[in-house]
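What the sequence shown shows, in our numbering, is residues -10 to 115, in sequence order. From the three backbone atoms N, C-alpha and C, an ideal C-beta is built for every residue, glycine too. Treat the numbers as computed from the prediction; the structure is a model and nothing was measured.
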Amino acid sequence: MKMIAPANLPTPAGHYTPGVVSGNLLFVSGQLPVKPDGSHTSAEPFEVQAQQAISNLLEVVKAAGAAVNHIVKVNVYIAGVQYWPVFNQLYAAAMGNHKPARAIIPVPELHHGYLVEIDAVAELPQ
């Protein structure tokens, strides 16, 4: 196993690593919309939070030596189903033509009052 902790993302407050490589798979821990300097975006609009969470996810993928087209599964937790259309639009823009398996799970709330959290699995290039 190899731990992936991008230098340009804040150190997690909890007992986990942003990403773990096992074999040829990368498991990305839930990425909240925390800015690279560690500041919170919980008071920002959903769009800002979603963009930041997507950016954080892609940073972990990149740090592991992969790219967006290596992502095979994404779970998205949103604090209200009303955010689904906006998230879908932002996600589609970030993913381009790549369409990995995905679940969007509405939840009553997320840590620190955030509105979105994203985790993923990617297959590393050979």
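Pairwise C-alpha distance: residue j and residue i
i    : j      : result
Y37  : G69    : Checking the sequence shown, residue 37 turns out to be Val, not Tyr. Approximately 16 Å, taken between the alpha carbons.
Q20  : A42    : 6 Å
S18  : Y5     : 8 Å
W73  : A81    : 12 Å
Q115 : N13    : 8 Å
L46  : T0     : 14 Å
L79  : H101   : 22 Å
G85  : S44    : 14 Å
H29  : M(-10) : 30 Å
Rounded Cβ spacing between residue i and residue j (contact assumed at less than 8 Å)
i    : j     : result
P95  : I67   : 6 Å
H121 : L(-2) : The displayed coordinates of the chain run from -10 to 115. Any statement about residue 121 would go beyond what the structure contains.
V49  : H87   : V49 to H87, Cβ: 16 Å. No contact.
A53  : V23   : Not confirmed; about 19 Å, so no contact.
A90  : V65   : That belief does not hold up - the Cβ atoms of A90 and V65 are roughly 12 Å apart, past 8 Å.
Sub-9 Å separation of residue i and residue j beta-carbons
i     : j    : result
F16   : A109 : yes
A39   : V75  : yes
M(-8) : G8   : yes
A111  : A55  : yes
Alpha helix (DSSP H) segment containing residue i, residue limits
i   : result
V50 : F35 to A52
N86 : It is not in any alpha helix (DSSP H) - N86 carries neither H nor E in the DSSP assignment.
Endpoints, the beta strand (DSSP E) within which residue i is located
i     : result
L14   : L14 to Q20
Y66   : I60 to I67
V57   : Looking at the DSSP string, V57 is not in any beta strand (DSSP E), and its letter there is neither H nor E.
K(-9) : K(-9) to I(-7)
E98   : Run containing E98: none; DSSP gives neither H nor E here.
A111  : V105 to E112
V10   : G8 to S11
Of the residues the options, the one placed nearest residue i, counting alpha carbons only
i   : options                 : result
D26 : P(-5), L47 and H4       : P(-5)
N77 : I107, H101, L99 and G12 : I107
S31 : L104, A111 and Q115     : L104
Q71 : P97, G85 and K51        : P97
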